[in-house]
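Mind the numbering: the sequence shown is residues 1484 to 1720 in our numbering, read in order. Idealized CB from N, CA, C, for every residue including glycine. These notes concern the structure reproduced below.
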Amino acid sequence: MIDFAELKTVLAPMYRVGSPAFRARCESAGADLSYHVMLAQSPPALVDAETLSLSGKPTAVQLIGSDPRILANQAAALEAELKGALALIDINLGCPLARITGLGAGAALMQDMPLIERLLKAVVAAVDLPVTAKIRKGYSDGEDRAVELAQRAEACGIAAICVHGRTAAQQFEGVADKTVVGRVKQALAIPVFASGDVLGSASAIEYLHTYGADAVMVARGARDNPAIFGEIKRALC
């Protein structure tokens, strides 16, 4: 079972980037956890233990979808297939890309809180592994629903949550609102990961020390510079 207290630097799941070789490179540099590429609910997509990780470390898998039954079944199948190679199962509630939100998945789910609750409860009940979720500040411009959603998710039994300080409408433009992470952290008892503009050790330390994040999740910063994980670890010493 994964020990969330030992996590400080996490490689985010990235479409077309998170190959086993890339994840192994980031783990060698200092990433405490990495994610397999995002898996969509349809058609069913499974991975095998041999391609999940080249480093031998347990790897997380993120699922994208909007049907509680389908995602619960997929999570159970992954757990049964991968056994000790799988660290946790994450539910994506924050992807802003049109090809995802157009299907009612990713960040689009933030517009339907009751559906999110049904989805998370179904997946949590289907597996023994920890279940986590990744959210955004909100869906539309000016919306700030992260604390509400995070509290609902915690009540559904998730083990940790990752917060990105942009709305879905912002995509990856502008500056991430780091204060959202601090407000979510104060409202929850479970670990909170920070995401958004972690492009160097300074931003990571700000999330960890100023806003109380338990870990930082790095995406574009790692894509452009896998050594960022070592830089963050050295800055923490």
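- In the structure shown, Gln1634 adopts helical secondary structure according to DSSP, grouped into three states.
- Around the beta-carbon of Cys1578, 16 or more other beta-carbon atoms lie within 10 Å, marking it buried.
- Collapsing the DSSP output to three states places Ser1678 in a strand.
- Per DSSP, the continuous beta strand (DSSP E) segment holding Asn1575 begins and ends at 1569-1575.
- Its chain contains Pro1551, Ala1555 as the residues whose beta carbon lies nearer than 6 Å to that of Ala1605, once the 5 sequence neighbours on both sides are disregarded; these appear in chain order.
- Partner residues in the beta bridge of Gly1621, as assigned by DSSP, are Thr1650.
- Under the three-state reduction of DSSP, Leu1580 is assigned to coil, being neither helix nor strand.
- In the DSSP assignment, Met1700 forms a beta bridge with Val1493, Ser1678.
- In the structure shown, Ala1670 adopts helical secondary structure according to DSSP, grouped into three states.
- Inter-segment contact for the segment 1640-1656 and the segment 1599-1616 is present: three or more beta-carbon pairs are separated by less than 8 Å.
- With a cutoff of 7 Å on beta-carbon distance, Ala1568 and Arg1619 are scored as not near each other.
- Ranked by how close their Cα comes to the Cα of Ala1718, the residues Arg1706, Ala1677, Gly1683 have Gly1683 in first place.
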